[in-house]
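Some notes on the structure that comes next.
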Amino acid sequence: MRMKLNYRIVILAIATIFGVFFSAPSLLQLQDGKKITLGLDLQGGLHMLLGVKTEEATASRIKSIAASIKNFTEKKDILLGNLDFDDSSVSFTLLDADDAKHIQEFLKKVEGMTVSANGENFSLTLTEEEKIKTQKQSIDQAIETIRNRLDQFGLSEPTVARQGNEAILVELAGIKTVEEEQRARELISRAAKLELMAVDEDRAARVNTMSAADATSYGDVILEDVKNPQMKYLVHSIPILDGGMLTNASMGFDQNNRPLINFTLNAEGAEIFGDFTGRSVGKRLAVVLDGKVYSAPNINERIGGGSGQISGSYTVEEAKDLAIALRSGSLLVPIYVMEKRSVGPSLGADSIRASLLALVSGFVLVILFMIFYYGLAGVIATFAVVVNLFIILAMISLLGATLTLPGMAGIVLHIGLAVDANIIINERIREGLRAGVPVSRAIAEGYQKAMRAILDSNITQILACTILYAYGTGAIKGFAVTLSMGILASMLTAIVGTYGIYQFYMSRIEKDKNYTLWFGMTRKGA
Amino acid sequence: MELFKEDKVYNFLGKGKIFFVASFVLFFLAIAIVAIKGFSFGIDFTGGTVVQVKYTQDAPIDKIRESLKKSELFEHASVSEFGSSQEVVIKTPSSTVALGHDIGDTTKEILKGTGDFEIRRVDMVGPKVGDELRVKGLSAFFLTLLAIMATVTFRYEWRFALAAIIAIVHDIVITFGFVAYFEVDFNIESIAALLMILGYSIHDTIIVYDRVREHIEESKETDFVMIINEAVSRTQSRTTLTSLTVFFVVLTLFVFGGDIMLGFSFPMLIGVIVGTYSSIFVAAQLVVWTGFSVADYRQRMAEKVKNRAEKEKMRAQYESGVM
Chain W
0 MRMKLNYRIV ILAIATIFGV FFSAPSLLQL QDGKKITLGL DLQGGLHMLL
50 GVKTEEATAS RIKSIAASIK NFTEKKDILL GNLDFDDSSV SFTLLDADDA
100 KHIQEFLKKV EGMTVSANGE NFSLTLTEEE KIKTQKQSID QAIETIRNRL
150 DQFGLSEPTV ARQGNEAILV ELAGIKTVEE EQRARELISR AAKLELMAVD
200 EDRAARVNTM SAADATSYGD VILEDVKNPQ MKYLVHSIPI LDGGMLTNAS
250 MGFDQNNRPL INFTLNAEGA EIFGDFTGRS VGKRLAVVLD GKVYSAPNIN
300 ERIGGGSGQI SGSYTVEEAK DLAIALRSGS LLVPIYVMEK RSVGPSLGAD
350 SIRASLLALV SGFVLVILFM IFYYGLAGVI ATFAVVVNLF IILAMISLLG
400 ATLTLPGMAG IVLHIGLAVD ANIIINERIR EGLRAGVPVS RAIAEGYQKA
450 MRAILDSNIT QILACTILYA YGTGAIKGFA VTLSMGILAS MLTAIVGTYG
500 IYQFYMSRIE KDKNYTLWFG MTRKGA
Chain H
0 MELFKEDKVY NFLGKGKIFF VASFVLFFLA IAIVAIKGFS FGIDFTGGTV
50 VQVKYTQDAP IDKIRESLKK SELFEHASVS EFGSSQEVVI KTPSSTVALG
100 HDIGDTTKEI LKGTGDFEIR RVDMVGPKVG DELRVKGLSA FFLTLLAIMA
150 TVTFRYEWRF ALAAIIAIVH DIVITFGFVA YFEVDFNIES IAALLMILGY
200 SIHDTIIVYD RVREHIEESK ETDFVMIINE AVSRTQSRTT LTSLTVFFVV
250 LTLFVFGGDI MLGFSFPMLI GVIVGTYSSI FVAAQLVVWT GFSVADYRQR
300 MAEKVKNRAE KEKMRAQYES GVM
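Written out as structure tokens, the structure reads:
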């Protein structure tokens, strides 16, 4: 019996080797080689879509401009009548009109503001362009900050990416417990805005009877102590400096072995800090984190070198997370949750089990049916489907695509559809055989005629998948990917591959003429 | 094994009116059900929270309900068994925006004391996200319809495309009538199912159309009804077999995929049945009603062939330097 080697069977062999070789690392859990990444719904993890309150970004921009004006004027001994700011503008009055030249010089360096001067009255407004730029930067900054924090938190491969115009996608795999998830969320959400503020010693005694409005009228703000909300501090609302000038923060211990946080400032911050402490000996300095006063020590002497401590009653874990948050920069804008999906690892394992069960039982049903109905042609079709599955898995691993639960459903569904090409072809071959056409011609014509229908329908299917991919969110995208890979692979295995197998055995088929065995026909062929 | 006698031509169109009435009734019944009952949209669309909790013993549903009353976040919450008696799903239309401490954490605190449990899943969707999804889902659907219309028109004829689109809409409306009737959660997976049914329905329809086209091109038959009867009969075996295999796998998904896949597997299950029915009894039948004429089609084909031949003749003449 001579078997005929042909190019189709060679392609099939190559495809089989490709599929088996590249899907092996995932199937056998080998150490080497690219493995399939399981989606969060299968391996467990946290998926969040975070919104950014960009309008707060402009407000904080204004606040920092007000702080720099204050710094400048204090340094140059320029006296200001008042310095006010709201969400989009800063205004102030000079007491001495002679200083106008100096201040004009300084204001020139402030970017993105429209300055209007009217005698001694100055007002600065944020330009529309600058507003948009600031908001855009605030999202970029938030992404950067969250990424930094998560990298230092020690989770493997966190995803932090912009989605759409105003949202940030955060995906954390491998979170095992609810507690761990909550800790990660707290770390991300922490504003970690450090401000060093001067206590208004002149009015501090009256803080407990003062209303917020009164405080504002003095250019002050009332802040609570972090441990004891009853304890209030009256501080100047414009900070001396903020966390933006921080270069490092780390956890340390005080003399009683309680955790605290050490921080260092950059050169500019150190200078401002030194100047301020030099000027304010005998007064108190409030260390404010996220709007709460952590400590307010007395300034005994000028503090140079630009380093300080934040003490509070933290646990080691809290202090560590806080240091990470400070080190990776403060979140300039508040973020909020638009969407959150968290799946425990045990549920993920259940989903894998359920979809594998569906996959295997669906597969067995289809195989049994195909072999029962088509005889050896059914076996050939089954072989094509198996190769097809290997190719899908290999392509998912190679492309680094993520396998999600809908993706698994896509593969299961694909098994049903993959045999369709073989069914169309087999039906055509049977038709030819019934008409008394010689078997080699029946096969050739069967493939040729079936081809057009298969191509037409697969092209429309791929189109649908492309649209699904473009419009779908994460999990649905996975579904579209596995399904379109399956369609492409099935064109290869069903149209090219199985044809190769028939050609390979052609002389044998022609010799036995046993169409019941080969094609499952009830009547013997001519 | 063979199920159908391939050489026999069944008179499908002879019974056309019966199927037309059946489809018509089902179609409008489905619309009425959707209109009256509406879909039970999942949180993907409405916003809200789903918390899946697994107890080590049977879940104390009454106790859980009682405990949840403490928080106004769960004012409109529902608690139901999920998959097994140990597992429950709590659904509430509320969601929280705070990142550090959210509704999932609140649930955990509230449920303390109801037994030994593990929170296995917390899905929370804000109201804005749902709106976006609805828009995206609908645009994906219409875009796919347009793409199909364009390809079928290009490969066949616009009347085929029109009939195919009507058949697709028919399949999808009836399927989602069932989804509404059985109050299956309509989630993002259901949108995927919808697009899959769309793909499956057009796939089946195209296989039949391909046969119709082949018969028009290769036979001498001029009666379009006869051509369609023959095409549908000849593809009958394939349509049934493929539908069976797809039905098998969707059935396993439905049975083993669990409640979490229901939003996908249920519409798929119905969609496969309706899609098969429509590609046999509806899609081709509709082409007849669009006024397709075999003679015209053949004439156009002939002209195309003639034009091509003419062009080749001209080129040959040009190349041999006659002109």
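Note that the protein sequences, when read in sequence, are chains W and H. Mapping to numbering that gives the first Met the number 0: the first sequence position 151 is 150, numbers consecutive. Mapping to numbering that gives the first Met the number 0: the second sequence position 12 is 11, numbers consecutive. Every residue gets a Cβ at the ideal spot worked out from N, C-alpha and C, and that includes glycine.
Inter-residue Cα distance where the pair is residue i and residue j
i: residue 215 of chain H; j: residue 8 of chain H; result: 16 Å
i: residue 404 of chain W; j: residue 480 of chain W; result: 12 Å
i: residue 60 of chain W; j: residue 129 of chain W; result: 10 Å
i: residue 467 of chain W; j: residue 172 of chain W; result: 25 Å
i: residue 285 of chain H; j: residue 291 of chain H; result: 10 Å
i: residue 444 of chain W; j: residue 150 of chain H; result: 25 Å
i: residue 200 of chain W; j: residue 209 of chain W; result: 14 Å
i: residue 298 of chain W; j: residue 304 of chain W; result: 15 Å
i: residue 525 of chain W; j: residue 501 of chain W; result: Residue placement at residue 525 of chain W cannot be trusted, given a pLDDT of 41 that sits under 50; what the coordinates show is reported in the next sentence. Using only the alpha carbons, I get a separation of about 19 Å.
i: residue 11 of chain W; j: residue 417 of chain W; result: 16 Å
i: residue 507 of chain W; j: residue 0 of chain H; result: 21 Å
i: residue 189 of chain H; j: residue 471 of chain W; result: 12 Å
i: residue 313 of chain H; j: residue 2 of chain H; result: 52 Å
i: residue 189 of chain W; j: residue 329 of chain W; result: 8 Å
i: residue 392 of chain W; j: residue 238 of chain H; result: 28 Å
i: residue 371 of chain W; j: residue 19 of chain W; result: 27 Å
i: residue 12 of chain H; j: residue 29 of chain H; result: 24 Å
i: residue 414 of chain W; j: residue 289 of chain W; result: 55 Å
i: residue 54 of chain H; j: residue 87 of chain H; result: 8 Å
i: residue 0 of chain W; j: residue 366 of chain W; result: Note that residue 0 of chain W scores 49 on pLDDT, short of 50, meaning its location in the model is unreliable and no value can be drawn from it.
i: residue 435 of chain W; j: residue 16 of chain W; result: 38 Å
i: residue 493 of chain W; j: residue 510 of chain W; result: 24 Å
i: residue 459 of chain W; j: residue 388 of chain W; result: 21 Å
C-beta neighbour in chain W for residue i, strict 7 Å
i: residue 205 of chain H; result: yes
i: residue 209 of chain H; result: yes
i: residue 214 of chain H; result: no
i: residue 142 of chain H; result: yes
i: residue 198 of chain H; result: yes
i: residue 104 of chain H; result: yes
i: residue 125 of chain H; result: yes
i: residue 202 of chain H; result: yes
CB contact check: residue i to chain H, cutoff 7 Å
i: residue 521 of chain W; result: yes
i: residue 423 of chain W; result: yes
i: residue 192 of chain W; result: no
i: residue 397 of chain W; result: no
i: residue 54 of chain W; result: no
i: residue 484 of chain W; result: no
i: residue 65 of chain W; result: no
i: residue 152 of chain W; result: no
i: residue 181 of chain W; result: yes
Residue i versus the options, residue with shortest Cα-Cα distance
i: residue 81 of chain W; options: W/120, W/23, W/427, W/150; result: W/120
i: residue 171 of chain H; options: H/157, H/238, H/293, H/267; result: H/267
i: residue 113 of chain H; options: H/128, H/41, H/142, H/61; result: H/61
i: residue 156 of chain W; options: W/164, W/162, W/147, W/163; result: W/147
i: residue 516 of chain W; options: W/429, W/486, W/499; result: W/429
i: residue 164 of chain W; options: W/50, W/207, W/150, W/154; result: W/50
i: residue 325 of chain W; options: W/72, W/260, W/421, W/122; result: W/260
Nonlocal neighbours in the same chain, by C-beta distance under 6 Å from residue i, ignoring five residues either side
i: residue 230 of chain W; result: 224
i: residue 106 of chain H; result: 50
i: residue 97 of chain H; result: none
i: residue 84 of chain W; result: 61, 65
i: residue 382 of chain W; result: none
Cut-off 7 Å between Cβ atoms - residues of its own chain near residue i, not counting five sequence neighbours on either side
i: residue 76 of chain H; result: 67, 89, 90, 91
i: residue 271 of chain H; result: 199, 242, 245, 246, 249
8 Å CB neighbourhood of residue i in its chain, flanking five on each side removed
i: residue 282 of chain W; result: 197, 198, 200, 297, 298
Min CB distance residue i to chain A below 7 Å
i: residue 1 of chain H; result: Absent from the structure: chain A. Protein chains present are W and H.
Per the contact definition of three or more C-beta pairs closer than 8 Å, is the region 167 to 179 of chain H in contact with the region 197 to 206 of chain H?
-> yes
Would the region 230 to 237 of chain W and the region 208 to 222 of chain W be scored as touching if the rule is three or more Cβ pairs under 8 Å?
-> With the cut-off at 8 Å, the region 230 to 237 of chain W and the region 208 to 222 of chain W touch.
Is the region 172 to 186 of chain W touching the region 89 to 109 of chain H in the sense that three or more CB pairs, one from each, lie closer than 8 Å?
-> yes
Meets three-Cβ-pair contact criterion under 8 Å: the region 56 to 70 of chain H and the region 117 to 132 of chain H = Taking a cut-off of 8 Å on C-beta distances, the region 56 to 70 of chain H does not touch the region 117 to 132 of chain H, as fewer than three cross pairs fall below it.
Quick one: any contact between the region 137 to 145 of chain W and the region 330 to 337 of chain W, if contact means 3 or more CB pairs under 8 Å?
-> yes
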